[in-house]
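The block underneath contains the structure these notes are about, expressed in structure tokens.
Residue numbers (the numbering used here): 17 to 838.
Below is the structure:
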């Protein structure tokens, strides 16, 4: 007999309980769900219908808290990189705010094309923008690392277009984080460091505690702290590189004694300290259940920039005779609070909620200088701040109807209002001032003018500062029809209206599943989607020091990211940003030939039109003249965000799990996951007339930018895992193969290719007693590095490893964990 439910089925990315249902969804990815039994019920991508993971009509990865713990990783993002084959989290070797949020993408798309939920409610985005990194440039996603890992019960990753169900951003899928509810708790301390140099020390302390009150109330509290030290894989600057200005045409004697390892570029994991706290609770008050959850985080990220040698016009000898290394500190405060109630009226289950989230990042740079102000310049500056917020109000209603003994229908609908804000706050005047200082006679670089603004991080100027906001109104409807015991049909439609230039849109989705036999099923879906441009993409403006290939030479440029609506951006061809539009196709099979063996295969194609991307770096006299005419420095290069390209992504996910009960010899669980993913650019907008008029040398979206979207990620990923339990012992062994990738440059001869690598992780745990567990482990057990066949920059002592490696470039990491349960 088919089963139906009157329950709201969770909560919602598009609204309340509805969304939780989809987010909790099925689990086509048992490689992640090693602690889930084959017959475990999960909520599917349609409301109210509990199904086993193998019976889901939509592919979903389910990651348990135990799986997160056994990775030994520093946060939820890092764990997803290890556990989800279709998720990519490249390492970062510097890159300003891009390094801090270090976000990953699902199915080859950008991080902000995946919607993040907590308990089924939309999670607010960070205020930091991927503004410097070559990968995911311009994306502004939610930051999972600001959610306490100790409070996570499981993570459910919906690998399918879901904008019609959950709203804007769900082009690639949905990540839904379900918080713990259980009584009791744990306290755990983890410490580790890198094999090679004993650097990159990581100390984590986390815990949770749950209690019940009344007949049906609970409160779960949780926290975690993180203290990450620097790791650096740069080599000492070559001995033939000049560090000091010449004296009378002769080398400075200090060249022979300078510590060249001290002046290398920092090339590895950067220091970070943070604390996250949160709660999850509910209470039955009469006919309604009242619930609430929230998090608060403080995170301080330390970003040491490239060393400025004394042999530089900006290293004024009166202030920095031995050179200096600017240090940018980003101080973030982040919180989110959700309040809601759910119940049942006249057979209809309802969920009404309000959620408010805010992220503020203040930036300060120390050991710096605005050399254009001369030796009297300050050496530390307040650079400015970024702040964003989201307020979401949702109503979700659902009900199941029994149509016949073998058929039922779930009817769901809802409304949502979302208000977003974004602010860029200017820095102190000295951080961006353009002074008139000229190097005096008798000194190196006499007669030259130093660069303007604070070194490494010029402050946000008053012209960069802005406040923006918008409202979004949405309505959705969804049907889930079990036509028979074997056949399921689902359909959803969603209308959204933005009160800014993003306008309104109507998107839809249909999906189906048919069980050919008791052990073989087929499933598929077609959907349309959209992603409105982020307020940050529309309004962010800042200057930064970035390395770019200019004429085949790695050059440090001062690059200005222009606000899309600014006069200077318009003069270079910028137009108002429009929503990205997508069409998703997926088809798959599920197999369960044995009760303990699950296999799923899902193929997909995602077409995205009008993807928002950063332009090429626009530099030269013609660009300088435009910047000068608008009151900016002529020493700057420029870039801005635009709907630059159309793409088509194709891929396939294969997942298999097999559980063996060995009786007196314990339990053994095997899992295998495979993802192949390829993105091609199907269209690029032509140069705008304003840019064409500047000359033939300007390309709006150059070869380097195209390669960052299509070639800079591995096209394949294999994850094999074995988990063995015997009495008090647990052994977890995982091997992951990352495919090769290529970093394109504008000059093909400068391309860098990196071959595939196998990375092995191992953890051994032992239960000392019922309450105490100890574990030791190693990530990258065999200390594998990326292929060292990249471009090496002897001036900086860096570049021998790719800064976009999917498994990092700091070698093996070992750790130990002590855990107490109560």
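Even for Gly, the Cβ is constructed at its ideal location relative to N, Cα and C. Note that the structure is a prediction, hence the values are computed from the model and not measured.
Reference residue 767, options 750, 723, 749 and 782, closest by Cα
The residue you call residue 767 lines up with position 751 of the chain shown. Cα-wise, what sits closest to residue 767 is 723.
Would you grab the beta carbon distance between residue 828 and residue 794 for me? Rounded to a whole angstrom, and I think it's under 8 Å.
Within the chain shown, residue 828 is the residue found at index 812, counting from 1. Within the chain shown, residue 794 is the residue found at index 778, counting from 1. Contact between residue 828 and residue 794 holds: CB atoms are separated by about 6 Å, below the 8 Å threshold.
Sheet register partners of residue 846 (DSSP bridge)
Beyond the ends of the chain as shown, which are 17 and 838, falls residue 846; an answer cannot be given.
Using the DSSP secondary-structure output, state which residues sit across from residue 388 in a beta bridge.
What you label residue 388 is simply residue 372 of the chain shown in a count that begins at 1. BP columns for residue 388 are empty, so no partner.
Considering only C-alpha positions, which residue in the set 685, 285 and 132 is nearest to residue 179?
Start at 1 with the first residue of the chain shown, and residue 179 comes out as number 163. Nearest in C-alpha terms to residue 179, of all of 685, 285 and 132, is 132.
Is there contact here, the region 121-137 with the region 617-633, by at least three beta-carbon pairs under 8 Å?
A contact exists between the region 121-137 and the region 617-633.
When you compare the region 451-462 with the region 482-497, are there three or more beta-carbon pairs, one atom per stretch, that lie closer than 8 Å?
With the cut-off at 8 Å, the region 451-462 and the region 482-497 do not touch.
Inter-residue Cα distance where the pair is residue 719 and residue 761:
As a position in the chain shown, residue 719 is number 703, starting the count at 1. As a position in the chain shown, residue 761 is number 745, starting the count at 1. C-alpha separation (whole angstroms): 6 Å.
Check each candidate in 716, 697 and 698 and name the one with the smallest Cα separation from residue 704.
Indexing the chain shown from 1 puts residue 704 at position 688. Restricting attention to 716, 697 and 698, the CA atom closest to the CA of residue 704 is found in 716.
For residue 787, which residues from the same chain have a beta carbon less than 8 Å from its beta carbon, with the 5 sequence-adjacent residues on both sides left out?
Counting from one through the chain shown, the residue named residue 787 turns up at place 771. Non-local beta-carbon contacts of residue 787 in its own chain, meaning distances under 8 Å to residues more than five positions away in sequence, involve 836, 837 and 838 in chain order.
Please classify residue 275 as buried or exposed, where buried requires at least 16 neighbouring CB atoms within 10 angstroms.
Within the chain shown, the letter at position 259 stands for residue 275. So residue 275 ends up on the exposed side.
Proximity of residue 614 and residue 670 at Cβ, strictly below 9 Å
Here residue 614 refers to the residue found at position 598 when the chain shown is read from its first residue. Here residue 670 refers to the residue found at position 654 when the chain shown is read from its first residue. Between residue 614 and residue 670, the C-beta spacing is not below 9 Å.
Runs of alpha helix (DSSP H) wholly within the region 499-536 (minimum 4 residues, chain order):
Taking only runs of at least 4 residues, no alpha helix (DSSP H) segment lies wholly in the region 499-536.
Counting Cβ pairs closer than 8 Å, one from the region 137-147 and one from the region 367-380, do we hit at least three?
Yes, since at least three Cβ pairs between the region 137-147 and the region 367-380 fall closer than 8 Å, the two stretches touch.
Taking the alpha carbon of residue 446 as the reference point, which residue from 435, 410, 397 and 438 has its own alpha carbon closest?
The sequence position of residue 446 within the chain shown is 430, counting from 1. Residue 446 has its Cα closest to that of 397, out of 435, 410, 397 and 438.
Report yes or no: do three or more beta-carbon pairs, one from the region 335-347 and one from the region 190-200, lie closer than 8 Å?
No, the region 335-347 does not touch the region 190-200.
Between the region 163-182 and the region 92-109, do three or more beta carbon pairs fall short of 8 Å?
Yes, they touch.
If you reduce the DSSP assignment to three classes, tell me which class residue 258 lands in.
Residue mapping note: residue 258 aligns to position 242 of the chain shown, counting from 1. Secondary structure of residue 258 (DSSP, three-state): coil.
Kindly list the residues whose CB is nearer than 6 Å to the CB of residue 737, restricted to its own chain and excluding five residues on each side of it in sequence; keep chain order.
Position 721 of the chain shown holds residue 737. Taken in chain order, the residues that qualify are 687 and 750.
How about the region 641-657 and the region 577-592: do they share at least three Cβ pairs that are nearer than 8 Å?
Touching, per the Cβ criterion.
Uninterrupted beta strand (DSSP E) stretches inside the region 627-679 (no shorter than 3 residues)
List check, beta strand (DSSP E) in window: 653-655 and 657-677.
Evaluate residue 820 with the Cβ neighbour count: other Cβ atoms within 10 Å of its Cβ, from every protein chain shown; 16 or more gives buried, anything less gives exposed.
Here the question's residue 820 lines up with position 804 in the chain shown. When all chains shown are included, residue 820 counts as buried.
Are the CB atoms of residue 480 and residue 427 nearer to each other than 9 Å?
In the chain shown, residue 480 corresponds to position 464, counting from 1. In the chain shown, residue 427 corresponds to position 411, counting from 1. Taking 9 Å as the Cβ cut-off, residue 480 and residue 427 do not qualify as a contacting pair.
From residue 444 to residue 495, what distance separates their C-alpha atoms?
If you number the chain shown from 1, residue 444 lands on position 428. If you number the chain shown from 1, residue 495 lands on position 479. Near 55 Å, if we compare the C-alpha coordinates of residue 495 and residue 444.
Per-residue DSSP class, three states only, for residue 609
Taking the first residue of the chain shown as position 1, residue 609 is located at position 593. Residue state, collapsed to three classes: strand.
Determine the DSSP secondary structure at residue 427, reduced to helix, strand or coil.
Numbered from its first residue, the chain shown carries residue 427 at position 411. In the structure shown, residue 427 falls within a strand segment according to DSSP collapsed to helix, strand and coil.
How long is the line joining the alpha carbons of residue 775 and residue 753, rounded to whole angstroms?
To locate residue 775, count along the chain shown from 1; it is residue 759. To locate residue 753, count along the chain shown from 1; it is residue 737. Between residue 775 and residue 753, the C-alpha separation is close to 6 Å.
In the DSSP assignment, what residue or residues form a beta bridge with residue 358?
By 1-based counting over the chain shown, the position of residue 358 is 342. For residue 358, which the question treats as bridged, DSSP gives the partners 305 and 367.
Exposure of residue 763, with buried meaning 16 or more beta-carbon neighbours within 10 Å:
As a position in the chain shown, residue 763 is number 747, starting the count at 1. With fewer than 16 Cβ atoms within 10 Å of its Cβ, residue 763 is classed as exposed.
Roughly how many angstroms separate the alpha carbons of residue 476 and residue 321, rounded to a whole number?
In the chain shown, counting from the first residue as 1, residue 476 sits at position 460. In the chain shown, counting from the first residue as 1, residue 321 sits at position 305. Approximately 18 Å between the Cα atoms of the pair.
Helix, strand or coil for residue 232, going by three-state DSSP, please let me know.
One-based indexing of the chain shown puts residue 232 at position 216. The answer is coil: DSSP assigns residue 232 none of H, G, I, E or B.
Cβ neighbour criterion (16 or more within 10 Å) applied to residue 637
Within the chain shown, residue 637 is the residue found at index 621, counting from 1. Exposed.
Rounded to the nearest angstrom, how far is the Cβ of residue 314 from that of residue 291, given a contact under 8 Å?
The residue you call residue 314 lines up with position 298 of the chain shown. The residue you call residue 291 lines up with position 275 of the chain shown. Confirmed, Cβ separation roughly 6 Å.
Whose C-beta lies closer than 6 Å to the C-beta of residue 312 among residues of the same chain, with five residues either side of it excluded?
Walking along the chain shown from the start, residue 312 turns up at place 296. If we look at residue 312 and ignore the five residues flanking it on each side, its Cβ neighbours are 293 and 351.
Quick one: Cα of residue 449 to Cα of residue 645, how far?
Here residue 449 is taken as the residue at index 433 of the chain shown, counted from 1. Here residue 645 is taken as the residue at index 629 of the chain shown, counted from 1. Between residue 449 and residue 645, the alpha-carbon positions lie close to 17 Å from each other.
Exposed or buried, which one is residue 76 when buried takes at least 16 other CB atoms within 10 Å?
Sequence index remark: in the chain shown, residue 76 carries index 60 (1-based). Per the 10 Å Cβ criterion, buried.
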